[in-house]
Structure formats: C-alpha cells, structure tokens
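Engineer: One structure is given below, represented as structure tokens, and several questions about it will come after.
Residue numbers (this note's numbering): 53 to 200.
Structure (structure tokens):
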C-alpha cells in the first residue's frame, strides 16, 4: 500500500515522501495516528502543492530539536544504587528512572518513550544514553551509576 508521510518516521522517510508499506502497518499505525495518508491521485496532487509548506515546517522542527539538543547534551545524571558482587546492581536504572530525574531538573518535554535504551542499566559506570528528539536529532546525555 502506498502512503504519503505527513511527518518523519524512523527508517521509512520524511514528510511528503511517498512510500510503500504493508497494508496492516498503514491501516493500524500510520493512518489512525495521522502520521500519513493514503496515496490517492488527488492526495498526490495535493502533496505537490503542500511540499513547500511541509518542508518549512520540518525545517522548523529540526531547528527546534537541534536547539534543544544543545541544552540536553550538557546534562549529567547521577544514580546511586545498591551494589552486589562484581559491581552488579540490585535492580536497574530504566528509561522511566531517567525520565523522572530529567523531569525533576525541569526537562518536562522529554518523555520516557523518547529515551533510547535497548535494555536497562544493570552495572556501575558511565553511560551515554541517546534521546530521540527528532528522526535526525539524537543527542546523548551522560548517566553516572555509582555505589550508594
């Protein structure tokens, strides 16, 4: 099924792109969330007219994300945790913990789902955790996990 993207989607495309996706992905995810709309001849004609507006809006979002990234890269979070043998934690530091500490520091616009951690931190050390602000902008924050 062909759809026209209204906003950037990781590993798929940018606003205004006409992409071919499975019908289930389009019907269950892209269309209901307003991320894309069906690529009918009328919509294709309309997207040609909207392309400039979409490009300007996308450039504004990227600029805002880059401005925010500059602030975010200076952030350093410290978590103290109980530690067992060999530096392994009792429990873990999750993306929810990081989001909660960021919110306490006044960064309320960063949500748990924006924190790109494939799995929780389970050992002492310094970690770089990427934050997905935009498909093209992913700053990293430093997370220190120390013995508590």
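Where is the CB? At the ideal position from N, CA and C, for every residue including glycine. Please read all numbers here as calculations on a predicted model, not as lab measurements.
Taking residue 136 as the reference, which of 181, 176, 169 has the closest Cα?
Structural biologist: For the residues 181, 176, 169, the minimum Cα distance to residue 136 belongs to 176.
Engineer: CB residue 195 to CB residue 173, shorter than 8 Å?
Structural biologist: For residue 195 and residue 173, yes; Cβs fall inside 8 Å.
Engineer: Taking one C-beta from the segment 160 to 168 and one from the segment 107 to 117 each time, how about it: are there three or more such pairs within less than 8 Å?
Structural biologist: Counting Cβ pairs under 8 Å, fewer than three are found: no touch.
Engineer: Report all residues from its chain with a CB closer than 7 Å to the CB of residue 214; omit the five preceding and five following residues, and keep chain order.
Structural biologist: Beyond the ends of the chain as shown, which are 53 and 200, falls residue 214; an answer cannot be given.
Engineer: May I ask you to report which of helix, strand or coil DSSP gives residue 171?
Structural biologist: Three-state DSSP puts residue 171 in coil, outside helix and strand.
Engineer: Do you know how far the Cα of residue 139 is from the Cα of residue 59?
Structural biologist: Approximately 43 Å, taken between the alpha carbons.
Engineer: Taking the alpha-carbon of residue 159 as reference, which of 141, 123, 169 has the nearest alpha-carbon?
Structural biologist: For residue 159, the nearest C-alpha among the options comes from 123.
Engineer: List, from N- to C-terminal side, the alpha helix (DSSP H) runs of 4 residues or more that fit wholly inside the segment 128 to 176.
Structural biologist: Correct list: 147 to 156.
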